[in-house]
Amino acid sequence: MSTSNPSRRRSFTPYFLIAPTLVFLAAFFAWPMVQGLILAVHDDEALLPLVAVASVEGDRTGELSQGAAVEILGQQGNTVEGELTSDLLTEQWFRVTAVGTDGAAVDGWAPETRIRVRDEANDGTPLAGTVRPRLGEGAEPLTDVLAEPNERAEVTGSLDDRAEVEITQVTVLEVWFNVRGESNDGATIEGWAPSRFITTFESGEEGRVDRGSDGEFTLRFVERMFNDRFFSPALRTTLLLMAIILPLQFLLAIGMALIVHSRLKGGSGWLYIFSLPMGMSDLAVGILFFAIFTSNGLLNSILDLFGLIEEPQVFLSADTRGWIIGAIVLAELWRATSIVMVIIVSGLQAIPDETLEAAELFGATYWKRVRYIMLPLLKPSLLVALILRTILAFQVFAVVIALSGGEIVTVLANETFRQYFSLRNNNVASAYAVFILLLSLASSVFYLRIVRTQDELASR
Amino acid sequence: MAEIRIENVTKVFGDFVAVDDASITVRDQEFLVLLGPSGCGKTTLLRAVAGLGMADAGRIMIGDRDVTYARPGDRNISMVFQSYAIFPHMTVRENIGFGLKMNNASQGEITSNVEEAAELLHIGDLLDRRPNEMSGGQRQRVAVARALAMKAEVLLMDEPLSNLDALLRLEMRAELKRLLREVKATTIYVTHDQIEALSMGDRIAVMKDGLIQQVDEPSTVYAEPKNQFVGSFIGNPPMNFLRGKVHMASDSVAVAIGGSEIVPSPELRDAVSSFDGRAITLGIRAENMGALNAQEANTVRVQVDVVEPLGAQNLLTVRVGDDTLKVSTHPTFPVSPGDELWLKFPADQIRWIDPDSGEVIAGGTS
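Chains as they are written, first to last, in this note's numbering: chain A, 3 to 462; chain B, 186 to 551.
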């Protein structure tokens, strides 16, 4: 029994260490990711429920989709749930006391459409007014006063046109519309909905469901992403950049790491020089390379200096897509190769000196040592660097923006940005982000699987 | 024929002289042990022979070739490293065959050499294993097999047994000795373990502070150390050293030690008498003194401090004035701590040492 044996007392220390990790993972990793994922496939404003009476407690008569055209049959003020927000369409109701048509005292509620305020207190509170006259032939000459600020309330009395009233109380009501429209399954439905969800047109008799208050899961945003005209150029460019940059980058990084590791004179100096670009933000690097390739930039100056060109060449324009790609490749190579190098250098340093000396002693030349000893032993480091770089390559953004403005050459991350900022479509932006995430995940799994299979084959 | 001639080799790291003007000749097929405490330069000297650290001065010849500045791969040598340095990503077969492959040997030669070397080290059944699936002792065997598979004329070993546990070390020691007799390579073997050196080497080169102190056969190094350091470094227990004072007595010379007098052997009298009136150091091994219950000629009166029964012998720690001696006696010799007894110093077993230089004045036995 572990409880009876004091020497086998349970250690809680690991759990103290694990618990914050789990909390951290949940709060800063899992939760935002799930939220992002939901945003990509869930439309928060897809449906507008209609209710039988103008009240949040009313029975549902059906739902209209976002964007559905509606006929506005009527409107009514209604008590606002919770706090008032400024963008609500509202109307004021006044509680008035006056002498009624029949000479009796009247006390009740009337909407602002019926009362003109004539006298206000210093702070703007209405004090008194008159009943607005109804114009036109056959108009109802009397104005009803109601028991509650609600058009369906009991009538407590009537007032004549232009009757003077005293205002004792003011309330603000949200306007609800009674609308008729076609639901998703083609049925025509009628019901009430708060005016904030509906855009009205000039006439005031027609409108459109601006947004709904109910969500639904949908692949609409994902479809919109795939059908977006920038989607396939963005994907193709991203993959092309990756295919060009990664092999070059790894060759360069391995070369640089071997130089650093060779302990030449000033070897550590090489490390500093090579890792310098790590300190620069990708946007800064993009701007730097823009300064090189722009029409009055460094490259043109140098070409001009050596008399190689008559007039400045335009490298970064819609007609020179190849040049832009080339400039992006150069900028990315310059910027991101050092991180790969640092990973490889640390991998090289983990190889014991005696192992390399043994190889040398048994007759391996430098290149054979690289080929048969260093590269195989660097495999874990290379894998880490490859996964890291692939994930980052799917996210390439700032350099592309700086060199192409995000129009001529576009990449997946740029489309996420465009959807979010320019088109204000969070859901499609989220779909792009999730797409990038899935690509990264798939490539990592792919690399890990390949390495594992190789190991399995080798150990057989 | 692969004689190794190390001529006046010096190696300096910054201000530190690791190897100072070392010269040794290792005869063809000889097993030479480089012995010394850590930091004495023995590994540095070995690496200079291997080509892994170039000598700053001097010359290294292997056979008739000057290899001082040759690349390690061009020296026709192979080596067993202290950490084994076997390649973790290769199978045992690939490890053993690596040197042959790098030297563009034919596939058939590689296969036969690998299997032969693996057979010699009894790892024939491990050929398809990887290093991380093997014990330390097995890795050690792989490292040796890899070195032997090269069939190089020169074999270098850098403390190959130091990472093994005591029992395994004992076993490998005997096995290595057998193997090296079989493969007939000229071998330099670096160790700090004097027992390894004594038991394995054809000759031992003792190093200290970058200097070679003595190069001789094990029995000579043991019995006739050239200086106080060699005597104290080799043997367990190490050689005893006593201070004495030389004075002329009537027609002869005698050395006073703790109230007794020791007379040197006739052939050394002149050498010792040159120290007349001065101090001299007397070196003698524990087993060369006789413990007696009564005074005789050339005996010294001592007090017993500790008695350690070791089975085949009893090791006594005794005191003479300020000096402490280790004496081994027959286990039946009756003695207990606090006893006083007489130690006989056979004149021909004594090494007389100049206390200023630490050098032996002249030989003891013939």
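The beta carbon of each residue, even a glycine, is placed where N, CA and C say it ideally should be.
>> Quick check on residue 550 (chain B): does DSSP put it in helix, strand or coil?
In response: For the purposes of this step, residue 550 (chain B) is taken as the residue at position 365 of the second sequence. Note that residue 550 (chain B) scores 41 on pLDDT, short of 50, meaning its location in the model is unreliable and no value can be drawn from it.
> Between residue 204 (chain B) and residue 230 (chain B), which are expected to be in contact by the criterion C-beta below 8 Å, what is the C-beta distance as a whole number of angstroms?
Replying inline: Taking the first residue of the second sequence as position 1, residue 204 (chain B) is located at position 19. Taking the first residue of the second sequence as position 1, residue 230 (chain B) is located at position 45. About 5 Å; that satisfies the 8 Å criterion.
> Which stretch, first to last residue, makes up the alpha helix (DSSP H) that contains residue 374 (chain B)?
Replying inline: Start at 1 with the first residue of the second sequence, and residue 374 (chain B) comes out as number 189. Run containing residue 374 (chain B): none in the alpha helix (DSSP H); it sits in the beta strand (DSSP E), 371-376.
> Would you report the Cα separation of residue 326 (chain A) and residue 32 (chain A), rounded to the nearest angstrom?
Replying inline: By 1-based counting over the first sequence, the position of residue 326 (chain A) is 324. By 1-based counting over the first sequence, the position of residue 32 (chain A) is 30. Whole-angstrom Cα-Cα distance: 37 Å.
>> Rounding to the nearest angstrom, what Cα-Cα distance links residue 439 (chain A) and residue 363 (chain A) in this structure?
In response: Taking the first sequence and counting its residues from 1, one reaches residue 439 (chain A) at position 437. Taking the first sequence and counting its residues from 1, one reaches residue 363 (chain A) at position 361. In a straight line, the C-alpha of residue 439 (chain A) is about 47 Å away from that of residue 363 (chain A).
> Under a Cβ-count criterion, where at least 16 other Cβ atoms within 10 Å of its own Cβ denotes burial, should residue 374 (chain B) be classed as buried or exposed?
Replying inline: Within the second sequence, the letter at position 189 stands for residue 374 (chain B). It is buried - the Cβ of residue 374 (chain B) has at least 16 other Cβ atoms within 10 Å.
> Who are the Cβ neighbours of residue 352 (chain B) in its own chain at under 7 Å, not counting the five residues just before and after it?
Replying inline: Residue 352 (chain B) sits at position 167 when you count from the first residue of the second sequence. Answer for residue 352 (chain B): no residue qualifies.
> Measuring CA to CA, which of A:346, A:209, A:445 and A:334 is closest to residue 282 (chain A)?
Replying inline: Along the first sequence, one-based indexing puts residue 282 (chain A) at 280. Checked all of A:346, A:209, A:445 and A:334; the closest Cα to residue 282 (chain A) is A:334.
>> Against residue 356 (chain A), what residues of chain B qualify as contacts under a CB-to-CB distance less than 7 Å, listed in chain order?
In response: Residue mapping note: residue 356 (chain A) aligns to position 354 of the first sequence, counting from 1. By Cβ distance, chain B contributes 266, 268 and 270.
> According to the neighbour-count rule (16 or more other Cβ atoms, all chains shown, within 10 Å of its Cβ), is residue 445 (chain B) buried or exposed?
Replying inline: On the second sequence, residue 445 (chain B) is found 260 positions in, with the first residue counted as 1. Under this definition residue 445 (chain B) is a buried residue.
> Is residue 256 (chain A) close to chain B, meaning its C-beta is less than 8 Å from at least one C-beta of that chain?
Replying inline: Numbered from its first residue, the first sequence carries residue 256 (chain A) at position 254. Answer no: the Cβ-Cβ gap between residue 256 (chain A) and chain B never drops below 8 Å.
> Among residues of its own chain, excluding the 5 on either side of residue 190 (chain A), which ones have a beta-carbon nearer than 6 Å to its beta-carbon?
Replying inline: Here residue 190 (chain A) refers to the residue found at position 188 of the first sequence. Excluding positions up to five away in sequence, the list reads 184.
>> I'd like the ranges of any beta strand (DSSP E) spanning at least 3 consecutive residues and lying wholly in the region 60-109 of chain A.
In response: 62-67, 71-80 and 92-101
>> Just verifying my parser: in three-state terms, what is the DSSP assignment at residue 196 (chain A)?
In response: Residue 196 (chain A) sits at position 194 when you count from the first residue of the first sequence. DSSP places residue 196 (chain A) in strand when its eight states are reduced to three.
> From the beta carbon of residue 365 (chain A), is the nearest beta carbon of chain B less than 8 Å away?
Replying inline: Taking the first sequence and counting its residues from 1, one reaches residue 365 (chain A) at position 363. Chain B, which has a Cβ nearer than 8 Å to the Cβ of residue 365 (chain A), makes this yes.
> Quick check: the region 379-391 of chain A against the region 419-439 of chain A, are there 3 or more CB pairs under 8 Å?
Replying inline: no
> What residues from chain B crowd round residue 452 (chain A), counting only those whose CB sits closer than 8 Å?
Replying inline: Sequence index remark: in the first sequence, residue 452 (chain A) carries index 450 (1-based). What residue 452 (chain A) touches in chain B: nothing, since even the nearest Cβ is about 16 Å away.
> Given a threshold of 16 other Cβ atoms within 10 Å of its Cβ, counted over all protein chains shown, does residue 550 (chain B) qualify as buried or as exposed?
Replying inline: Taking the second sequence and counting its residues from 1, one reaches residue 550 (chain B) at position 365. At residue 550 (chain B) the pLDDT is 41, less than 50, meaning the model places this residue with poor confidence and gives no usable figure here.
>> Distance cutoff 8 Å, beta carbons only. Does residue 352 (chain A) sit that close to anything in chain B?
In response: Numbered from 1 along the first sequence, position 350 holds the residue referred to as residue 352 (chain A). False, the Cβ-Cβ gap to chain B never drops below 8 Å.
> the region 215-241 of chain B: which residues have C-beta closer than 9 Å to a C-beta of chain A, in chain order?
Replying inline: 232, 235, 236 and 237
> Ordered along the chain, which non-local residues of its own chain (more than five positions away) have a Cβ less than 7 Å from that of residue 448 (chain B)?
Replying inline: The count along the second sequence starts at 1 and reaches residue 448 (chain B) at position 263. Result list for residue 448 (chain B): 437, 439, 483 and 532, in chain order.
>> Quick check on DSSP: helix, strand or coil for residue 3 (chain A)?
In response: In the first sequence, the residue the question calls residue 3 (chain A) occupies position 1. With a pLDDT of 44 at residue 3 (chain A), under the threshold of 50, the predicted position of this residue should be treated as unreliable, and no value is reported.
>> Quick check: residue 392 (chain B) and residue 496 (chain B), are their CB atoms within less than 8 Å of each other?
In response: As a working mapping, residue 392 (chain B) is identified with position 207 in the second sequence. As a working mapping, residue 496 (chain B) is identified with position 311 in the second sequence. Their beta carbons are not under 8 Å apart, which means residue 392 (chain B) does not touch residue 496 (chain B) by this criterion.
> Three-state secondary structure (DSSP) at residue 400 (chain B)?
Replying inline: Indexing the second sequence from 1 puts residue 400 (chain B) at position 215. In this structure, residue 400 (chain B) counts as strand in the three-state DSSP scheme.
> Who does residue 342 (chain B) pair with in a DSSP beta bridge?
Replying inline: What you label residue 342 (chain B) is simply residue 157 of the second sequence in a count that begins at 1. Answer is B:265 and B:374, bridged to residue 342 (chain B).
> Taking residue 370 (chain A) as the reference, which of B:422, B:258 and B:544 has the closest Cα?
Replying inline: Sequence index remark: in the first sequence, residue 370 (chain A) carries index 368 (1-based). Taking only the C-alpha atoms, the option nearest residue 370 (chain A) is B:258.
>> Please classify residue 5 (chain A) as buried or exposed, where buried requires at least 16 neighbouring CB atoms within 10 angstroms.
In response: For the purposes of this step, residue 5 (chain A) is identified with residue 3 of the first sequence, where counting begins at 1. Caution is warranted here: a pLDDT of 49 is assigned to residue 5 (chain A), below 50, making its placement in the model unreliable, and no coordinate value can be reported.
> For the region 197-211 of chain B, which residues have a CB atom closer than 7 Å to at least one CB atom of chain A, in sequence order?
Replying inline: none
> Is the Cβ-Cβ distance between residue 113 (chain A) and residue 119 (chain A) less than 8 Å?
Replying inline: Locating residue 113 (chain A) in the first sequence gives position 111, counting from the first residue. Locating residue 119 (chain A) in the first sequence gives position 117, counting from the first residue. No, Cβ-Cβ distance for residue 113 (chain A) and residue 119 (chain A) is not below 8 Å.
>> What ranges does the beta strand (DSSP E) occupy inside the region 481-537 of chain B, keeping only unbroken runs of at least 3 residues that lie completely in it?
In response: 484-494, 499-505, 508-514 and 525-529
> For the region 377-391 of chain A, which residues have a CB atom closer than 9 Å to at least one CB atom of chain B, in sequence order?
Replying inline: 378, 379 and 381
> Among the residues of its own chain, which have a CB less than 8 Å from the CB of residue 521 (chain B), if the five just before and after it don't count?
Replying inline: Your numbering for residue 521 (chain B) matches position 336 in the second sequence. Correct list, in chain order: 489 and 492.
>> From the DSSP secondary-structure annotation, give me the bridge partner or partners of residue 113 (chain A).
In response: Working through the first sequence from its first residue, we reach residue 113 (chain A) at position 111. For residue 113 (chain A), which the question treats as bridged, DSSP gives the partners A:95.
>> I need the straight-line Cα distance from residue 200 (chain A) to residue 176 (chain A), nearest angstrom please.
In response: Residue numbering aside, residue 200 (chain A) sits at position 198 when the first sequence is read from its first letter. Residue numbering aside, residue 176 (chain A) sits at position 174 when the first sequence is read from its first letter. The alpha-carbon atoms of residue 200 (chain A) and residue 176 (chain A) are separated by roughly 13 Å.
> Can you name the residues of chain B whose CB is closer than 7 Å to the CB of residue 346 (chain A)?
Replying inline: Taking the first residue of the first sequence as 1, we reach residue 346 (chain A) at position 344. Under the 7 Å cutoff, chain B gives no residues; its nearest Cβ is about 16 Å from residue 346 (chain A).
> Three-state secondary structure (DSSP) at residue 216 (chain A)?
Replying inline: Position 214 of the first sequence, counted from the first residue, corresponds to residue 216 (chain A). Of the three classes helix, strand and coil, the one that applies to residue 216 (chain A) here is strand, per DSSP.
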